[in-house]
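Sequential numbering of the sequence shown, starting at 1, is according to this note's numbering.
Even glycine gets a Cβ: it sits at the ideal position worked out from N, Cα and C.
Every value quoted in this text rests on a predicted model; they were computed, and no experiment measured them.
The next block holds one structure in the form of structure tokens; read it before the comments.
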Amino acid sequence: MRYCTRCKKLYLTDKDTEKCIVCDKKTITKPNYASPVKIITANGFELERICAALDGEGLPYHYQQVRKDTGIQILNSAPPENCDLFVPLSAYEKAQDVLIGIGAIKEDEISEIDENSRNQLIAAQKKADEEELTPQKARLVRIFSAIAFLVIIAGVVFFADFLVEFIKKIFGA
């Protein structure tokens, strides 16, 4: 599996791709589990429908406008035109399934995934799942952070008191 860092295109075949076919960038790298991957370009209602479906599945995403907004769109509060939608590599297959399910893309539009790339996608999903905080862990992190903050504040106050007493002793006040 190869990845273009400029246009965020994912190449799912094992053949050595030296150049991106979209932007002609020469350096194609191996993505990590959090690399943003372009999944679709959409606009208007279709973009809102896709975002709602991804939200419904709890999948992370972001979109970026392909070209500048026109003044009419801003005045009419219209949705942005032609936005590229990105998902992390770890959510790529699930996002594709969601888009197929709502009819945003067709199954025959998806490129074949070779065995090595499929294993890499599975490994990326596992790594993302391992790093995801469960609600219990998140609660413990918040409690620990609050305690650490209070300890730091107390340390600063005690150090300031010590410093003031030390200066008073030096100058005999």
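Below 9 angstroms between beta carbons: does that hold for Tyr63 and Asp84?
-> yes
Leaving out five residues before and five after Pro36 in sequence, what residues of the same chain have Cβ atoms less than 6 angstroms from its Cβ?
-> Lys8 and Phe86
Taking Gly58 as the reference, give the member of Pro88, Arg2, Val156 and Ala146 with the closest Cα.
-> Pro88
Taking Cβ to Cβ, would you say Leu99 is nearer than 9 angstroms to Ile39?
-> yes
Segment limits, beta strand (DSSP E) that includes Asp24 = Run containing Asp24: none; DSSP gives neither H nor E here.
Take Val22 and list the residues in its own chain whose beta-carbon comes closer than 6 angstroms to its own, dropping the five residues that flank it on each side.
-> Cys7 and Lys9
Using the beta-carbon count (16 or more within 10 Å), is Ser90 buried or exposed?
-> buried
Output the boundary residues of the alpha helix (DSSP H) element that contains Leu47.
-> Gly44 to Glu57
Consult DSSP for Pro36 and reduce its assignment to one of helix, strand or coil.
-> strand
Just checking my contact of Ala104 with Ile50 at CB under 8 angstroms: how many whole Å lie between their CB atoms?
-> The distance from the Cβ of Ala104 to that of Ile50 is about 5 angstroms, consistent with a contact at the 8 angstroms cut-off.
For Pro60, the three-state DSSP class (helix, strand or coil) | For Pro60, the secondary structure class from DSSP, reduced to helix, strand or coil, is coil.
Along the alpha helix (DSSP H) that carries Leu150, what are the first and last residues, could you check?
-> That run of the alpha helix (DSSP H) goes Pro135 to Phe171.
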